[in-house]
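Quick notes on the structure that follows.
Number of protein chains: 2
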Amino acid sequence: MVRRIYIREFGLTLGVSGEQFVVRRRKEVVAKIPAVDVHVIEIMTDRASLTTAALRLAARHGVWIVIADYLGRPQAFLEPITRRAGIIIRRRQYDMADTTSGLELAKRLALGKMVNQRNILRRLAARRKGKEIYEILLDLYLAASEEVKALVGSTPGSREFIMNFEARVARLYWEAWSAILENFPGRRKRYENPEDPINMALNLGYSLLEADCYIAISSTNLDPYAGFLHVDNPRRPALVMDFMEQFRQPIVDSIVLTLAERGMLEVGEGRLSKNSVNSIIKSYADRLRQTVSHRGRRAPLEAHILYQARHLEDRIRIGSPIYTPFTVR
Amino acid sequence: MVRRIYIREFGLTLGVSGEQFVVRRRKEVVAKIPAVDVHVIEIMTDRASLTTAALRLAARHGVWIVIADYLGRPQAFLEPITRRAGIIIRRRQYDMADTTSGLELAKRLALGKMVNQRNILRRLAARRKGKEIYEILLDLYLAASEEVKALVGSTPGSREFIMNFEARVARLYWEAWSAILENFPGRRKRYENPEDPINMALNLGYSLLEADCYIAISSTNLDPYAGFLHVDNPRRPALVMDFMEQFRQPIVDSIVLTLAERGMLEVGEGRLSKNSVNSIIKSYADRLRQTVSHRGRRAPLEAHILYQARHLEDRIRIGSPIYTPFTVR
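Those protein sequence lines, which keep their order, are chains H and W.
The first sequence stops at residue 326 when you use our numbering, and every number in between is there.
The second sequence stops at residue 326 when you use our numbering, and every number in between is there.
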């Protein structure tokens, strides 16, 4: 079982006993986890501590340590020195970008998200059959379906060509959120400084997901900064952004939608309440542990993130764009 | 002033106060260092601790945290997510390797070490004029000079061609160490499990240097794993090995030679004594702070390591092999 440790509580200490991580609150042991079972330790507070033995145990077992800022955005990673030694694959990656083959791969990465959005639109409509809103949602679903079909049948000549399809489906998708959720003012990204709990929750969820996608890509020999769909950007790892698209809806949007519908997201003093943050992180971690089937394999979602990164590496190794993004019905 | 913090003492705690790192022994504050002045924090013990605030302060200021094993070998690094975003330079690096230009660069990287070794041979001989050993050292120096001259005048057709020159000069160089030091059984690398203090000290010193060279290369957009001289290797970052050659003698060998001549290196129970380790680490850190002139710039040696990495990146950016390695007379 792959395990994640989130250190976000005042006064916790992460130490070591033999080959186990030990979490203590004051002197009391609250958890003991064998290092081989731990995949990620994510630091989300200023007010805890780690022993150097814990850092070394993590380094020895290839456990990722993520340092996140107060909004959950990953700032730094503890990277074992043996990572990314296979440089041949990175050469291929660079050579492939913006070729016909590279654009076909970009298209498939974008389609991952678009198909997931279309499928959510269908589900949202289906659940509201007979209600007034049904027609609106059905129209949005049908319009998104058309866009998906058109992109599937096309041969993109540029990244922008794909991005335009992606933007149109996103517009339809978020319009549905506005239609069904009372307090959703439309999608606002982090830099747009949203003040509503739903956008804040989405942004926190995407930050958590970004850390996990960065880790998955960095567990391969791919270069996180060389994208196929997203343009290279000094502040964001473009390939991680490409890779993340397929997981946004099945992981983050689905939990935020559930929490929003249950009224579990609140803002106080311009930020998400502590309870809301706790709910989001707990739902996120629970969601990653859920077993799902994809490409003939039943496994927890967090394992699929790693498999999909490996799958991407395999495709790039042989120069093939035939990547099957992670989608749910 | 660039600063390094080595955490290697039982019971130390690294915390934060404002934008400063604070080192405590029990409750007592032993050092306060503004984060902007810190370049590296190297963890060399199991028995200290860090607050998560210290990890986050390091991430925010781009301070490197190195996790070393008990022999000082770097195992993992805390890497800010914004590193290595410039992928163009890595494309150039891959394309350049093993071309005429790439081999010329490899030659210059190797010459850095060979010239430094030759210069030490000259110094060793000069200091022993009139003694019996003088003739031996002079011969070694002259033979090394011939090899250097021959490589300078050649156009290498392969990495092996350069490596052969490098191996011959190394043999002459270590022969001189055997001639002047009583208890030096010839050079033994780590994997050869040396049992004498001088080889152990050299290996510890090279591990410390490897961490600093890894950091310098990783502070550029170069790929640490794609070498010009050293063959790509999944266990060692080949470009870091290339880059490190020029610093081995001026930094590590010079301090080990001094410590050996003063009788300050001892082995107990199959490992270096605690005092010896302390002396090596202290000498290493002191040496890095010494001001030296190179390429028209007077600066501490540790700054030259960073400058030389930047210089290498600049050369590769324009596809030029005209790299001036760090050498001392």
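Ideal placement from N, C-alpha and C gives every residue a C-beta, glycine not left out.
Paired residues, beta bridge with W/G265 - DSSP:
Taking the first residue of the second sequence as 1, we reach residue 265 of chain W at position 268. Answer is W/R268, bridged to W/G265.
Could you give the residue range of the alpha helix (DSSP H) that holds W/P194?
Taking the first residue of the second sequence as position 1, residue 194 of chain W is located at position 197. Where W/P194 is concerned, the enclosing alpha helix (DSSP H) stretches over P194 to S215.
Using DSSP with H/G/I as helix, E/B as strand and the rest coil, what is H/G109?
The count along the first sequence starts at 1 and reaches residue 109 of chain H at position 112. Helix at H/G109.
Which value, in whole angstroms, describes the spacing of the CA atoms of H/R185 and H/V112?
By 1-based counting over the first sequence, the position of residue 185 of chain H is 188. By 1-based counting over the first sequence, the position of residue 112 of chain H is 115. Between H/R185 and H/V112, the C-alpha separation is close to 21 Å.
Could you name the residues of chain H that W/D250 contacts, counting a contact when the two beta carbons are closer than 7 Å?
The residue given as residue 250 of chain W occupies position 253 in the second sequence. Listed along the chain, the chain H residues whose CB falls inside 7 Å of the CB of W/D250 amount to none; the nearest CB is some 23 Å away.
Decide if H/F323 is buried, meaning its Cβ has at least 16 other Cβ atoms within 10 Å, or exposed.
Taking the first sequence and counting its residues from 1, one reaches residue 323 of chain H at position 326. Buried, since its Cβ has 16 or more Cβ neighbours within 10 Å.
Out of H/A32, H/R120, H/R286 and H/T49, point me to the one whose CA is closest to W/Y67's CA.
Within the second sequence, residue 67 of chain W is the residue found at index 70, counting from 1. Selected option, being the one with the closest Cα: H/T49.
Near W/R23, what residues of its chain come up, given a Cβ to Cβ distance below 7 Å and the 5 sequence neighbours on each side ignored?
As a position in the second sequence, residue 23 of chain W is number 26, starting the count at 1. Excluding positions up to five away in sequence, the list reads G8.
If you measure from the beta carbon of H/G127 to each beta carbon in chain W, is any gap under 9 Å?
If you number the first sequence from 1, residue 127 of chain H lands on position 130. For H/G127, the answer is no, since every Cβ of chain W falls outside 9 Å of its Cβ.
Return the Cβ separation of H/S155 and H/G316 in integer angstroms, given the expectation that the two are a contact with Cβ distance under 8 Å.
Residue numbering aside, residue 155 of chain H sits at position 158 when the first sequence is read from its first letter. Residue numbering aside, residue 316 of chain H sits at position 319 when the first sequence is read from its first letter. The pair is not a contact, with the Cβ atoms about 20 Å apart (cut-off 8 Å).
Between the C-alpha atoms of H/I177 and H/I130, what's the straight-line distance to the nearest angstrom?
One-based indexing of the first sequence puts residue 177 of chain H at position 180. One-based indexing of the first sequence puts residue 130 of chain H at position 133. So the two alpha carbons sit approximately 8 Å from each other.
Residues of chain W with CB closer than 9 Å to the CB of H/A50, please, in chain order.
What you label residue 50 of chain H is simply residue 53 of the first sequence in a count that begins at 1. Those within 9 Å of H/A50 in chain W are T42, D43, R44, A45 and S46.
Could you give the distance in angstroms between the alpha-carbon of W/F181 and the alpha-carbon of W/A173?
Here residue 181 of chain W corresponds to residue number 184 of the second sequence, with the count starting at 1. Here residue 173 of chain W corresponds to residue number 176 of the second sequence, with the count starting at 1. Approximately 10 Å between the Cα atoms of the pair.
By how many angstroms is the C-alpha of W/K128 removed from the C-alpha of W/Q246?
Counted from its first residue, the second sequence places residue 246 of chain W at position 249. Counted from its first residue, the second sequence places residue 128 of chain W at position 131. Within the model, the alpha-carbon separation for W/Q246 versus W/K128 is close to 24 Å.
Where the segment 63 to 88 of chain W meets chain H: residues whose CB sits under 8 Å from a CB there
I64, D66, P71, Q72, A73, F74, L75, E76, P77, I78, T79, R81, A82, G83, I84, R87 and R88
Output yes if chain H places a C-beta closer than 9 Å to the C-beta of W/A103; else output no.
On the second sequence, residue 103 of chain W is found 106 positions in, with the first residue counted as 1. By this cut-off, W/A103 is not an interface position.
Neighbourhood of H/A164 by C-beta distance below 8 Å, restricted to the same chain and skipping five residues each side:
Reading the first sequence from its first residue, position 167 is the one you call residue 164 of chain H. Counting only Cβ-Cβ distances below 8 Å, and skipping sequence neighbours, we find nothing.
Using three-state DSSP, classify H/Q72 as helix, strand or coil.
Position 75 of the first sequence, counted from the first residue, corresponds to residue 72 of chain H. Correct three-state label for H/Q72: strand.
Based on the DSSP output, what are the partners of W/Q17 in its beta bridges?
For this step, residue 17 of chain W is matched to residue 20 along the second sequence. Looking at the DSSP assignment, W/Q17 forms a beta bridge with W/S14 and W/P31.
Quick one: which chain H residues come within Cβ less than 7 Å of W/I4?
Numbered from 1 along the second sequence, position 7 holds the residue referred to as residue 4 of chain W. Going along chain H in sequence order, the residues near W/I4 (Cβ under 7 Å) are T49.
H/T65 and H/E6 closer than 9 Å at C-beta:
Residue mapping note: residue 65 of chain H aligns to position 68 of the first sequence, counting from 1. Residue mapping note: residue 6 of chain H aligns to position 9 of the first sequence, counting from 1. Note on residue identity: the sequence assigns Ala, not Thr, to residue 65 of chain H. No; because the gap between Cβ atoms is not below 9 Å, this pair is not in contact.
Integer Cβ distance of W/F225 from W/L102, believed to fall under 8 Å:
As a first step, residue 225 of chain W is located in the second sequence; it is residue number 228 there, counting from the start. As a first step, residue 102 of chain W is located in the second sequence; it is residue number 105 there, counting from the start. About 5 Å; that satisfies the 8 Å criterion.
Could you pull out every residue in the same chain whose Cβ sits closer than 7 Å to the Cβ of H/I214, ignoring the five residues on either side in sequence?
If you number the first sequence from 1, residue 214 of chain H lands on position 217. The answer, listed in chain order, is P221, L236, V237, F240 and A306.
Whose C-beta lies closer than 6 Å to the C-beta of W/I212 among residues of the same chain, with five residues either side of it excluded?
Stepping through the second sequence from its first residue, residue 212 of chain W is reached at position 215. Within the same chain, W/I212 has close Cβ partners W61.
Closest Cβ-Cβ distance between H/P234 and chain W: below 9 Å?
Locating residue 234 of chain H in the first sequence gives position 237, where the first residue counts as 1. Interface residue, yes.
Proximal residues of chain H, C-beta to C-beta of W/A296 below 9 Å:
Locating residue 296 of chain W in the second sequence gives position 299, counting from the first residue. Per Cβ cutoff of 9 Å: no residues; W/A296 is ~27 Å from chain H at best.
Unbroken alpha helix (DSSP H) run spanning H/T321, endpoints
Taking the first sequence and counting its residues from 1, the one referred to as residue 321 of chain H is at position 324. Per DSSP, H/T321 belongs to no alpha helix (DSSP H) and is neither H nor E.
Taking only beta-carbon atoms, is W/T96 less than 9 Å away from chain H?
In the second sequence, the residue the question calls residue 96 of chain W occupies position 99. No - not a single Cβ of chain H is within 9 Å of the one on W/T96.
Note down, in chain order, each residue of its chain lying with its Cβ closer than 6 Å to the Cβ of W/R119, except the 5 sequence neighbours on either side.
Walking along the second sequence from the start, residue 119 of chain W turns up at place 122. Excluding its 5 nearest sequence neighbours in each direction, W/R119 has C-beta neighbours in its own chain below 6 Å: Y138, listed in chain order.
Throw me the rounded Cβ distance for the H/R327 and H/R314 pair, which I believe falls under 8 Å.
With chain H covering -2 to 326 only, the question about residue 327 of chain H has no answer from this structure.
What span of residues does the beta strand (DSSP E) with W/S46 cover, start to end?
Taking the first residue of the second sequence as 1, we reach residue 46 of chain W at position 49. Looking at the DSSP string, the run of the beta strand (DSSP E) that includes W/S46 is S46 to T48.
Answer yes or no: does any C-beta atom of chain H fall closer than 9 Å to that of W/T321?
As a first step, residue 321 of chain W must be located in the second sequence, where it is residue number 324. Taking Cβ atoms only, chain H never reaches closer than 9 Å to W/T321, which makes this a no.
The alpha helix (DSSP H) spanning H/Y131 covers which residue range?
Within the first sequence, numbered from 1, the residue matching residue 131 of chain H stands at position 134. Here the alpha helix (DSSP H) through H/Y131 covers Y131 to V149.
Nearest neighbour of H/D209, chosen from H/S14, H/V33, H/I4 and H/V37 [CA to CA]
Here residue 209 of chain H is taken as the residue at index 212 of the first sequence, counted from 1. Nearest option by C-alpha distance: H/V37.
Could you confirm whether any beta carbon from chain W is found closer than 9 Å to the beta carbon of H/V327?
Only positions -2 to 326 of chain H appear in this structure, which leaves residue 327 of chain H out of reach.
Cβ of H/T10 less than 9 Å from any chain W Cβ?
The sequence position of residue 10 of chain H within the first sequence is 13, counting from 1. Yes, contact with chain W.
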